[in-house]
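Participant: One structure follows; several queries about it will come next.
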Amino acid sequence: MQKDVKLVRSQSPFINKKWDSKRIMLDVLIALIPVVLFSVYRWGFASFCRIFTSVLVAILTEAIIFPLSQKEDRKVEGKFKRFLSRYKEFNSLNILTSALTGLIFALTLPAGISFYVIIMGAIFGIAIGKMVYGGTGHNIFNPAAVGRVFVSLAFGSFFVGAYPGLDAIAGTTPLAYVRKASFGEVLQSYEIWELFVGCVPGPMGEISKIAILIGAIYLVARRAADWKIMLSVLVPSFIFALVAGAGLQVNTFQFGLFHLLSGGLMFGAVFMATDPVSSPLHTTTKMLYGLIIAIVTMLNRFFGSMPEGVVFGILFANMFVPLFDRIKIFRNRINWQFIVTYGVTMIIMILIIFFGQGGTF
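Straight run, no breaks: the sequence shown in our numbering ends on number 378.
Right, dumping it as structure tokens:
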């Protein structure tokens with residue numbers, strides 16, 4: 018006897034979680050509160066205005082573009098009312114996701130950046146990073162990272178002088194300074210504890226590691242973000258930094274801590290790489306995903322033209338997510354194929370970084 022089959026239709030987002038989408042977005046927003054508060058405390062009203070502008074522009078951009086992909090209800094009379102019928106699927110989740118994108122994007126920028134850059138980046142991140150793929154739950158790339166990369170490439174000159182609180186001797190952020198001075202000189206201007214507390218110049222949301230850790234603990238406790246992705250980014254990055262320190266013949270552990278606590282590595286690992294829409298499904302693929310982010314980030318830091326590369330690493334890793342989730346041998350099984358793939362990749366990268374930094378046996 019044939020059983021009845023019930024087809025269930027549901028709306029996006031089709032995120033990789035069992036939990037309610039709206040609850041996850043709210044949890045991420047709550048987790049970002051310590052970061053926002055520290056940013057406003059550190060940089061004052063300038064920080065608040067830029068964050069507010071980015072969030073507002075992101076919400077408005079999604080609201081304007083949303084009806085373009087929706088059908089009108091022909092049963093409704095009147096052109097204006099018929100147009101408004103395109104918004105029948107627009108709900109609080111659309112507002113939450115766009116607000117979160119605008120908030121994260123703003124927190125990756127310095128407090129002195131032009132409002133023009135913020136507006137253009139927020140529009141680009143929502144329009145190109147999210148809406149062109151179908152909107153909430155369909156985007157392949159992290160929209161905030163898309164916006165950040167766009168403004169870095171298109172408006173690079175606007176970042177000159179946009180970082181308040183620069184050290185008088187260094188004259189730049191810690192990651193930029195370490196590329197042109199000895200590591201000993203860098204530590205004289207920016208000590209490790211200052212990097213951890215947030216007493217250094219940098220993007221609004223990336224400097225206080227205490228605030229980021231508070232947010233990370235909340236996300237993990239609420240199961241709104243996967244700690245395996247966070248560690249899959251941070252652990253290889255720390256190892257690569259240790260290897261680079263050995264190659265440069267400086268204090269290896271201090272050099273590793275410096276790179277772990279500098280720039281947007283921790284912020285990206287906690288709040289951007291863990292995006293449930295653009296991150297992988299399985300434990301093993303999450304480890305590979307995090308490894309790719311770590312590789313691109315650290316290669317860019319050591320050999321690239323820009324001092325920071327976290328957002329580039331996240332976008333590069335996002336491209337592999339659909340492939341990773343379809344490779345059967347990597348589906349939640351730590352087998353010999355996975356161990357060989359991960360191990361060989363790590364060894365190759367360690368050798369490249371060690372010898373690339375002048376290391377010898």
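Backbone N, C-alpha and C fix where the C-beta goes; we use that ideal spot for every residue, glycine too.
Taking only the alpha-carbon atoms, compute the straight-line gap between valine 53 and isoleucine 41 and give it to the nearest angstrom.
Facilitator: Taking the sequence shown and counting its residues from 1, the one referred to as residue 53 is at position 36. Taking the sequence shown and counting its residues from 1, the one referred to as residue 41 is at position 24. Their Cα atoms are separated by approximately 18 Å.
Participant: Kindly indicate the opening and closing residues of the alpha helix (DSSP H) around aspartate 243.
Facilitator: Walking along the sequence shown from the start, residue 243 turns up at place 226. Segment: none, aspartate 243 is in no alpha helix (DSSP H) and carries neither H nor E.
Participant: Of the choices Ala258, Glu325, Ile121, Ile76, whose alpha-carbon is the least far from that of glycine 222?
Facilitator: On the sequence shown, residue 222 is found 205 positions in, with the first residue counted as 1. For the residues Ala258, Glu325, Ile121, Ile76, the minimum Cα distance to glycine 222 belongs to Ile121.
Participant: Can you give the beta carbon distance from serine 295 to isoleucine 157, rounded, assuming they're within the 8 Å contact cut?
Facilitator: Position 278 of the sequence shown, counted from the start, is the residue given in the question as residue 295. Position 140 of the sequence shown, counted from the start, is the residue given in the question as residue 157. Between isoleucine 157 and serine 295 the Cβ distance is about 6 Å, and since that is below 8 Å, they are a contact.
Participant: Could you name the residues of the same chain whose beta carbon sits closer than 6 Å to that of leucine 277, not counting the 5 residues immediately before and after it, in chain order?
Facilitator: Counting from one through the sequence shown, the residue named residue 277 turns up at place 260. Closer than 6 Å at Cβ, skipping near neighbours: Phe255.
Participant: Thinking just about the alpha-carbon of each residue, which of Ala261, Gly219, Met283 is nearest to the one in lysine 226?
Facilitator: Looking up residue 226 in the sequence shown gives position 209. The residue with the shortest Cα to Cα distance from lysine 226 is Met283.
Participant: Under 7 Å Cβ to Cβ from glutamate 79, same chain only, skipping five residues before and after it: list those, please.
Facilitator: Residue mapping note: residue 79 aligns to position 62 of the sequence shown, counting from 1. Closer than 7 Å at the Cβ level, and outside the excluded window around glutamate 79, lie Asn111, Ser115, Ile143, Met148.
Participant: In chain order, which alpha helix (DSSP H) runs of at least 4 residues are fully inside the segment 112-190?
Facilitator: The segment 112-190 contains these whole alpha helix (DSSP H) runs: 132-144, 160-171.
Participant: Whether or not the segment 285-302 and the segment 234-249 are in contact is what I'm after, with contact meaning three or more pairs of Cβ atoms, one per stretch, closer than 8 Å; do they touch?
Facilitator: Yes, the segment 234-249 is in contact with the segment 285-302.
Participant: Taking the alpha helix (DSSP H) that tyrosine 306 falls in, what are its first and last residues?
Facilitator: In the sequence shown, counting from the first residue as 1, residue 306 sits at position 289. 300-320 is the extent of the alpha helix (DSSP H) around tyrosine 306.
Participant: Nearest chain C C-beta to lysine 88 closer than 8 Å, yes or no?
Facilitator: Going by chain labels, chain C is absent from the structure shown, which holds only one protein chain.
Participant: Report the three-state DSSP secondary structure of alanine 261 (helix, strand or coil).
Facilitator: Numbered from 1 along the sequence shown, position 244 holds the residue referred to as residue 261. It is helical.
Participant: Just to confirm, are arginine 67 and alanine 128 a CB contact at a threshold of 8 Å?
Facilitator: As a working mapping, residue 67 is identified with position 50 in the sequence shown. As a working mapping, residue 128 is identified with position 111 in the sequence shown. Result yes, Cβ atoms of arginine 67 and alanine 128 sit closer than 8 Å.
Participant: With the cut-off set at 8 Å, would you say phenylalanine 141 and phenylalanine 172 are in Cβ contact?
Facilitator: As a first step, residue 141 is located in the sequence shown; it is residue number 124 there, counting from the start. As a first step, residue 172 is located in the sequence shown; it is residue number 155 there, counting from the start. No. Outside cutoff.
Participant: What separation, rounded to the nearest whole angstrom, lies between the Cα atoms of proline 324 and tyrosine 194?
Facilitator: To locate residue 324, count along the sequence shown from 1; it is residue 307. To locate residue 194, count along the sequence shown from 1; it is residue 177. One C-alpha to the other measures close to 9 Å.
Participant: Does the segment 306-316 come within contact of the segment 174-181, defined as at least 3 CB pairs closer than 8 Å?
Facilitator: Contact between the segment 306-316 and the segment 174-181 is absent, because fewer than three Cβ pairs lie under 8 Å.
Participant: In whole angstroms, what separates the C-alpha of tyrosine 150 from that of valine 327?
Facilitator: To locate residue 150, count along the sequence shown from 1; it is residue 133. To locate residue 327, count along the sequence shown from 1; it is residue 310. About 23 Å.
Participant: Have a look at Leu248, Pro253, Pro220 and flag the residue whose alpha-carbon is nearest the alpha-carbon of alanine 233.
Facilitator: Residue 233 sits at position 216 when you count from the first residue of the sequence shown. Alanine 233 has its Cα closest to that of Leu248, out of Leu248, Pro253, Pro220.
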